[in-house]
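Residue numbers (this note's numbering): 25 to 976.
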């Protein structure tokens, strides 16, 4: 009867709120004057029980039975927790009295208690108009979660106060269900910043940090992204949930401890069978669902007040069994709940079969077939054995066809569709209808979970069920055959979706490909670990390679491409698969290993294969990547020929987005080699089909081409500063590129335009954004570029020495990465800064080195400016003839390039020199050049030119 009294006391406590003295108690949240008070779980149970019976003497044995249900404990434990409770309440201080000990009888809560209105049992809150809706990024939440309302409340409170909580409990007890419900429950509390990461499908612990980075939307191009993850989280307020940690616990523990220490705004919930055992971790033990006491003579209605019984009957009703239980069967229900030990998964598995066997037969089957061993001990059996007995029993109750299909479905590492299930679970000679019918039955019997996705559904085996079914698959001797069928299906699915198709629902295609990631990883691991899959290795890696690039998993892309390329034989050399692997390897190397010779070699080899195979889409893709490679290395002489060939290929393909992308490629190439007239013409054509480019998904061969980025710079160079500003502003606002690398490029090139017009405040702001974005995504070269722009801003504002010091740090980093695209501008700034400090000789030396480096590689868009700056340094050294020659060369080159703004600067420098030389009418040429402008008169250069002309 002790458990019964607990139930009675607990039920009467179901209030909106109670208050006493300065304290208020809502569910399991104790507050003093509105401030949460930390109280242990046992002490909280004791307080709730005593308040529910305030004014009564509650016997010690009832308190023990309530707070330590089902456990044999000494009375000393009760005294210890009451002492803790009194201390927290300040009992005895300043005359306050709350709990009194009645010798030989028990304890009594003696303070006056004010009670709120009695509330009904918790129900899911209706969606309030204007409230933040939980996104599709969170896992699907059960319509009704039973028996965990108080857990949610206490867990939410502890997360807010303690920040780092591990929800610990045996397999099948409902940790994931609670975690998902909590994610939805706290969505508004964290203003939508809730991230849920299911680690269950992850097999390689080394991928924990990169998988978390992907969940957070980061793109990291190095092997250990922990630093980038922490940098992103630092200063943010969000809730991060790491689900199913036990199989990768060491890596999760390291990462979680670092996040807790370095990101104080992050609340972190982990779910695991065991503790992480790291600093800051607080354990929340998820206990079994309370069940009705046996032998208490409770009615059926009283039975279902207990969560275990209520869950059993609701799941049984969902499976087709009548929901009402006659009073004569109530004791059988209590017996079943007792045998199932309050484990949610076991309850659901049993309930699904009540409609077949009835309550009495079910009790007998449980007695003979189930031997659960969940005690939460480290010495307990491994994870795959935790629910082994329960699943043995459930497995024996389903038909032979259902068993076979369940075993075969266990090969899926992630969720799957009906089409996926048919392809893998149906052998060649088996009818499809058998799989469809079996899957329907497995869903009905809670062995397979399902959730809607648009107009269709996705299916998934619970993790414990999957582990169990995989073992059964091995015992049946089918493991290798089914794994091969699965790997082949993954390969064919990815291959089919790689085909370049214009139009259609490209977004759905990309989403469908992304959903195969877990199974792609699993298939690769199996094929490379088993000789039975040896012939699948190259095509499978080739099919997966592009997926990894699309998802910005470049380290994985490089790893599998290298492994597969090492296994090429005569039949696969020169094939489309080698093409995919070489293309992916070159792209991955370019960002993870910087602009290395290996990257160039792989891209060139891939291009040769694409040409041999007549694969136009991949040829465009490779030409585009090579063009980017040479842009980054400053080897500009290759740009225009590569871009023109890409344009020719795009026209052969006939794809609108591809043609627009090729125009962007040609335009940026002409811009960099110094032909601004041609650059503008091609970029204008690319902008005209901007809608097609913006609609291209990551898998499209022309994805992430953005002609507006170079167009803004071209417009300024051509003498249209106002148009340049109009073009550039959307690039740093609402129209910023989605691709993380292109986002960096947009910030860099936009910063250069704002620097040219003299808006250093905006340059400073963009530099901060660039540094943050690059650091967040592990794009180290762009961090060096950000440092260069910051140094330019310092020098422009007169902080010359600090700017020079920063440039001396940034430039070696760029040279080491072979990232020369921005180096010449930074070197030019360095030379002028050195001259300002009286170190003109050194300034001339570094500038001449930059000019010489560009010279052999062909013309460059900024060569007129470099020649002008050389002339300025020569004039400082009284080498007037040399300075005049440099200015003349700059003006002539600017005119050939169609760069009116460069010419204006050089005309101003030459005019100042001619004044110094005493030449008559020194401003005539400047006046003519100034007259060619039709806009931008408020920008720095045009204001300076106007001032010079007005002085004359």
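In this text, a Cβ means the ideal position worked out from N, Cα and C, and glycines have one as well.
Count the CB pairs spanning the stretch 254–263 and the stretch 218–234 that are closer than 8 angstroms, and state whether there are at least three.
yes
What does the alpha-carbon distance come out to for the pair residue 678 and residue 672?
10 angstroms
Strand pairing of residue 474, partner residues [DSSP]:
483
Within the same chain, show all residues whose beta-carbon is closer than 7 angstroms to that of residue 158, passing over the 5 residues directly before and after it, in chain order.
Low local confidence applies: a pLDDT of 47 at residue 158 is under 50, so the model's placement there is unreliable, with the coordinate-based value given in what follows. Contacts found: 208, 211.
For residue 56: DSSP bridge partner residues
47, 59
Shortest alpha-carbon distance to residue 222 belongs to which of 214, 230, 235?
235
Pair every Cβ in the stretch 272–285 with every Cβ in the stretch 163–183, then say whether three or more of these pairs are closer than 8 angstroms.
no
From the DSSP output, read off the bridge partner residues of residue 295.
191
Judging by CA-CA distance, which residue of 250, 187, 931, 298 is the nearest neighbour of residue 889?
931
Is the Cβ-Cβ distance between residue 358 and residue 317 less than 8 angstroms?
yes
Within 8 angstroms, strictly: CB atoms of residue 696 and residue 655:
yes
Uninterrupted alpha helix (DSSP H) stretches inside the stretch 758–795 (no shorter than 4 residues)
764–780
Beta-carbon spacing of residue 613, residue 626 below 8 angstroms
yes
Take residue 200 as the anchor and find which of 95, 169, 214 has the nearest alpha-carbon.
169
Taking just the CA atoms, how far does residue 767 sit from residue 760?
6 angstroms
Residues in its own chain within less than 8 angstroms of residue 298 by CB, not counting five upstream and five downstream?
192, 270, 273, 402
Neighbourhood of residue 649 by C-beta, 8 angstroms cutoff - its chain only, sequence neighbours within 5 removed
607, 610, 611, 614, 627
Nearest to residue 377 (by Cα), restricted to the options 367, 366, 601, 420
420
Between residue 799 and residue 252, is the Cβ-Cβ spacing less than 8 angstroms?
yes
Can you pull the DSSP bridge partners for residue 309?
192
Can you look up residue 345 in the DSSP assignment and give me helix, strand or coil?
coil
I'd like the span of the beta strand (DSSP E) that includes residue 220, first residue to last.
218–222
Name, in chain order, the residues that DSSP records as bridge partners for residue 267.
222
Give me the residue from 956, 901, 939, 942 with the minimum Cα distance to residue 926.
956
Which same chain residues, not among the five before or five after residue 95, have their C-beta less than 8 angstroms away from its C-beta?
none
Residue(s) in a DSSP beta bridge with residue 262:
290
Does the stretch 311–328 come within contact of the stretch 286–293, defined as at least 3 CB pairs closer than 8 angstroms?
no
Which term fits residue 965, buried or exposed, when burial requires 16 or more other beta carbons within 10 angstroms of its beta carbon?
buried
Quick one, are the C-beta atoms of residue 1005 and residue 171 less than 8 angstroms apart?
Since the displayed the chain opens at 25 and closes at 976, residue 1005 lies outside it and no answer follows.
C-alpha distance - residue 249 paired with residue 233, whole-angstrom precision
6 angstroms
Where does residue 180 land, buried or exposed, given buried means 16+ other C-beta within 10 angstroms?
buried
Over what stretch of residues does the alpha helix (DSSP H) that includes residue 654 continue unbroken?
640–657
Straight-line CA distance for residue 111 to residue 70?
14 angstroms
Within 10 angstroms of the Cβ of residue 899, are there 16 or more other Cβ atoms? Answer buried if so, exposed if not.
buried
Alpha-carbon to alpha-carbon, residue 98 and residue 342:
43 angstroms
Under 8 angstroms Cβ to Cβ from residue 892, same chain only, skipping five residues before and after it: list those, please.
910, 911, 914, 926, 929, 930, 933
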